[in-house]
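Take a look at the structure set out below.
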Amino acid sequence: MNRLHAGAQRGQSLVEFAMLSLALLPLFLAIPLLGKYLDLAHSAESAARYAAFEATVNDAVTGRKTDARLAEEVRRRFFGTSDAPIKTDDVGGDFAAHRNALWVDHAGRPLLQEFASDVAVRTQRADAPVQTAPLALGNSGFGLSADSVTTAAVTVRPRNVAGLPPFDALSLEIRRHQVLLVDGWGATGAREVARRIAGGSAAVYPIAPLKLLGDTFGQLPTLVLDPPMAVGEVQPDIVPCDRLESGC
């Protein structure tokens, strides 16, 4: 009985292994694909950081870079070949020489087939999220910048992978963004503080209209051996003596 039962089970392990292999085959194909999606997400994050910094630069000749120009640079430098040179006005092409050889599916088809539609860049400048009163004072008083927040967003749309559910109908979009505070309203030094105050409006520097009159008649005290008045003088690094512990 034992010999007959053992003979009936010959080849069962091979059949089970074959069935298990067929069941795990999609998983073996999906693991490398997930790694490629993660690599695309990492490149999108680096591209968003680059676009945010480049969007804050104003060239004296060409001005601020447009979204279209930033998109061309991002496609070539971050989604092309790893050895792509950095050249002005370089545009990535939809052919193998400009594509990353890693970003293909199991059949060798590129995940990014058309750079113009699969990689998009959008930048935006907005007001800093501050309170209304300080913002109004900054605009009309010290001449501070209001649109100091720059946001850059990069969207990557890898193509669906035919013949590999559920990736054949996934319509994946990878979005990464970076936000920069361009002008934090920080002074570079004492001279910058003095310049901001002296150049402010009447809301923060009310004696500005009287400065010319004060400079003219401020010399009169010298006739009685008193020092002349310094109307509008700003000394940000000097603490008044009445505020010191030792006094005047």
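To convert, note that position 64 of the sequence shown is 64 in our numbering; the numbers rise steadily by one, no gaps.
Each residue gets a CB set at the ideal place from its N, CA and C atoms; glycine is no exception.
None of the values given here were measured: they were computed from a predicted structure.
Only residues of its own chain outside the window of five on either side were considered, and among them A107 have a CB closer than 8 angstroms to the CB of G163, listed in chain order. Shown here, P110 sits in a strand according to DSSP, grouped into three states. Spatial neighbours of V104 in its own chain (CB-CB distance under 6 angstroms, excluding positions within 5 residues in sequence) are listed in chain order as P110. A direct Cα-to-Cα measurement between T81 and T88 gives close to 17 angstroms.
For L14, the three-state secondary structure derived from DSSP is helix. Given a length threshold of 3 residues, each whole run of the beta strand (DSSP E) inside the region 165-209 is given here in chain order: 174-181. Non-local C-beta neighbours of S13 in its own chain, meaning closer than 8 angstroms and more than five positions away in sequence, are absent. Here R157 really is in contact with E173; their C-beta atoms are around 5 angstroms apart, less than 8 angstroms.
With distances taken between CA atoms, A153 lies nearest to A55 out of L33, A55, A18 and P32. Boundaries of the alpha helix (DSSP H) around R75: D67 to F78. The residues I197 and A198, in chain order, have a CB closer than 7 angstroms to that of Y205 in the same chain once the five nearest residues on each side in sequence are set aside.
For A126, the uninterrupted beta strand (DSSP E) run begins and ends at V119 to A126, by DSSP. With 16 or more other Cβ atoms inside 10 Å of its own Cβ, F78 counts as buried.
The C-beta separation of A51 from L70 comes to about 5 angstroms, placing the pair in contact by the 8 angstroms criterion. Look at T150 here: in three-state DSSP terms it is strand. In this model, A48 and L22 are separated by some 40 angstroms (Cα to Cα).
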